[in-house]
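Shown next, in structure tokens, is the structure this report addresses.
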Amino acid sequence: MEKVDWGKPWLSPVRERGICLQREVSKGKSVNEALNVISLEAVRFVPQSELPVGTAYEQFIWDTRCVPTRDNLHDFFNGLVWLEFPQAKRRINELQAQAIAQDGVGAVRGPLRDALTVFDENGALLQAPDALWQALRARDWQRLFIELRPLWTEARLVLFGHALLEKLVSPRKPMVAHVYQAPEAIKSIAALDGWLAQAMQPQPWDTKPFAPLPVLGVPGWWPGNETPEFYADAQVFRPPR
Numbered sequence: 121m122e123k124v125d126w127g128k129p130w131l132s133p134v135r136e137r138g139i140c141l142q143r144e145v146s147k148g149k150s151v152n153e154a155l156n157v158i159s160l161e162a163v164r165f166v167p168q169s170e171l172p173v174g175t176a177y178e179q180f181i182w183d184t185r186c187v188p189t190r191d192n193l194h195d196f197f198n199g200l201v202w203l204e205f206p207q208a209k210r211r212i213n214e215l216q217a218q219a220i221a222q223d224g225v226g227a228v229r230g231p232l233r234d235a236l237t238v239f240d241e242n243g244a245l246l247q248a249p250d251a252l253w254q255a256l257r258a259r260d261w262q263r264l265f266i267e268l269r270p271l272w273t274e275a276r277l278v279l280f281g282h283a284l285l286e287k288l289v290s291p292r293k294p295m296v297a298h299v300y301q302a303p304e305a306i307k308s309i310a311a312l313d314g315w316l317a318q319a320m321q322p323q324p325w326d327t328k329p330f331a332p333l334p335v336l337g338v339p340g341w342w343p344g345n346e347t348p349e350f351y352a353d354a355q356v357f358r359p360p361r
């Protein structure tokens, strides 16, 4: 398994548990065994082979409180997010199971399941002053990252999506998070977890209430963004449609 650089700023919220988890894997444990060593939650992590053929992954988790886990970085980070955001992950699973019960698995996910999957894989929470949010929603990258740059000292971006965390092991400029607005007053990850679990409701989540944010543009997250020219790349910092 590829080694993770835990010094990266986007890994700060999961750093302590992540280092412990990687240490257990380095001892020869499978990813699910390592997760179970440090997990204090009711959910258990089991080998992928325990997922019965023909059973939906989300339904299996809801029915058994067991998360099928492979020995790769994708599932390593999925398990790590379960440890850091147990209430929010359980809420996602609850809403997915309800949607499956209502509509079946189907070849195409419905709007709610699609939105939940997008956030679960690629989501992030941004706590920021209103001026930053206005610029982000307008995709006014010049204002967001250059004119309002000092305001980023008052902001916090917390990554949630495990696929995004996996991709950022090898960072590339085009990587984009689907960002959901969180209250600035919440300071701890545990409190953020509880708030997010309550905030996840079928409406408005089925409308995908997220804003795209190129994560390496966040001040302090990537050395290259110290110069304004970094944001001139229209293939990454795209204007509104």
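326 is the number that our numbering gives to position 206 of the sequence shown; each next residue is one higher, with no gaps.
The C-beta atom is built at its ideal place from N, Cα and C for all residues, glycine as well.
Excluding residues up to 5 positions away in sequence, Gln-247, Leu-312, Trp-315 lie with their Cβ nearer than 8 Å to the Cβ of Ile-306 in the same chain. Closest in alpha carbon position to Ala-354, among Asp-191, Glu-286, Arg-259, Leu-285, is Arg-259.
Here Thr-327 is exposed, its C-beta having fewer than 16 other C-beta atoms within 10 Å. Between Gln-168 and Thr-189, the gap from beta carbon to beta carbon is short of 8 Å. About 5 Å separates the Cβ atoms of Asp-240 and Ile-212, confirming a contact at the 8 Å cut-off. Ile-181 counts as buried, since no fewer than 16 other beta carbons sit within 10 angstroms of its beta carbon.
Collapsing the DSSP output to three states places Pro-129 in a helix. Cβ neighbours of Ala-154 within its own chain (closer than 6 Å, five residues either side excluded): Leu-141, Glu-144, Val-145. In the DSSP assignment, the residues bridged to Gln-247 are Arg-276. About 6 Å separates the CB atoms of Leu-336 and Lys-293; that is less than 8 Å, so the two are in contact.
Within the same chain, Cβ atoms closer than 6 Å to the Cβ of Val-134 are found at Leu-200, Glu-204, the five residues on either side in sequence being excluded.
Rounded to whole angstroms, the Cβ separation of Ala-331 and Leu-256 is 5 Å, and the two are in contact under 8 Å. If you draw a 10 Å sphere on the C-beta of Gly-138, you find 16 or more other C-beta atoms in it, and that means buried.
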